[in-house]
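Colleague: Numbered by my numbering, the letters in the sequence shown go through residues 6 to 209 in order. All C-beta atoms, glycine included, are put in the ideal place defined by N, C-alpha and C. Take this structure, written in structure tokens, and hold onto it; I'll ask about it next.
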Amino acid sequence: MQYSSRLLENAVQEFAKLPGIGRKTALRLVLHLLRQETSDVEQFATAVATMKREVKHCRVCHNISDTDLCPICADPRRDTTTVCVVENIQDVLAIENTQQFHGLYHVLGGLISPMDGIGPSDLQIDALVARVAAGNIKEVILALSSTMEGDTTNFYIFRKLAPYVDQVRVSIIARGIAVGNELEYTDEVTLGRSILNRTPFEGK
């Protein structure tokens, strides 16, 4: 597609780099911004740049946060003895939307996937083990996607937590979630029931 403006083309190319955004959608977004007031576009650009520059990861759970300790970890009403292990921030949001879980989280930052070159050392698994070793946690809930990568990660974490199984219960969310489904795309009712009906993880 030929553009009458190199500046327009550059903007379209940048928007098209976003996941799920093709060139036609990117063009619609760019043309929408062109129709807006300059101050509104500058506010949009500033918000994105500030987020990238200043966003942090919680020092405890590794969730995205504006401060060193995220609001969930800092909330005194949360159950600090229960930790739900998830792949990413989208999964935290999905579980929070169910309003069925009141403990803390641990965000791995991905799943073990040798095909993609992602090993245990690339994830926050050692940090999870350190939290358990500190002695305050009574249950670890493995809430990872029902995929081969999710099951592999579940099993690896279970093995890493084996020295603590006498003090810590390791459970897995109920398989009301279809095998192969991504957690963030599961409806809130099914996900909420899976959290409530979690079962002990057998490590098999």
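Taking contact to mean at least 3 C-beta pairs separated by less than 8 Å, is the region 138-149 in contact with the region 81-96?
Modeller: With the cut-off at 8 Å, the region 138-149 and the region 81-96 touch.
Colleague: Between which two residues does the alpha helix (DSSP H) containing isoleucine 94 stretch?
Modeller: Counting along the chain, the alpha helix (DSSP H) containing isoleucine 94 begins and ends at 94-103.
Colleague: By alpha-carbon positions, which one of Asp45, Ile100, Val17, Gly108 ends up nearest to leucine 33?
Modeller: Strictly speaking, residue 33 in this sequence is arginine, with leucine absent from that position. The shortest C-alpha separation from arginine 33 is found at Val17.
Colleague: On a CA-only basis, which of His62, Ser70, Gln105 is nearest arginine 83? Give me that one, please.
Modeller: Out of His62, Ser70, Gln105, Gln105 has the C-alpha closest to the C-alpha of arginine 83.
Colleague: By the three-class DSSP mapping on this structure, what secondary structure does arginine 203 have?
Modeller: Residue state, collapsed to three classes: coil.
Colleague: So, with DSSP's three-state summary, where would you put cysteine 78?
Modeller: If DSSP states are grouped into helix, strand and coil, cysteine 78 belongs with the helices.
Colleague: Applying the 10 Å Cβ sphere with the 16-neighbour rule, what's the burial state of valine 184?
Modeller: At valine 184 the pLDDT is 48, less than 50, meaning the model places this residue with poor confidence; the figure from the coordinates comes in the next sentence. Valine 184 should be labelled exposed.
Colleague: When DSSP labels each residue in this structure, what does valine 184 get in the three-state scheme?
Modeller: Low confidence applies to valine 184: its pLDDT is 48, below 50, so where it sits in the model is not reliable, and the reading given next is rough at best. In this structure, valine 184 counts as coil in the three-state DSSP scheme.
Colleague: Within 10 angstroms of its Cβ, does phenylalanine 206 collect 16 or more other Cβ (buried), or is it exposed?
Modeller: Phenylalanine 206 should be labelled buried.
Colleague: Smallest Cα separation from lysine 143: which of Glu59, Ala99, Leu166, Asp131?
Modeller: Measuring from the Cα of lysine 143, the nearest candidate turns out to be Leu166.
Colleague: Which residue marks the beginning of the beta strand (DSSP E) containing tyrosine 110, and which one marks its end?
Modeller: Counting along the chain, the beta strand (DSSP E) containing tyrosine 110 begins and ends at 108-112.
Colleague: Does valine 170 come out as helix, strand or coil in the three-state DSSP assignment?
Modeller: Note: valine 170 maps to coil in three-state DSSP.
Colleague: Beta-carbon separation of proline 125 and tyrosine 169 under 8 Å?
Modeller: No. Outside cutoff.
Colleague: Taking the CB atoms as reference points, tell me whether valine 35 and leucine 13 lie closer together than 8 Å.
Modeller: Yes, the pair counts as a contact, with Cβ atoms nearer than the cut-off.
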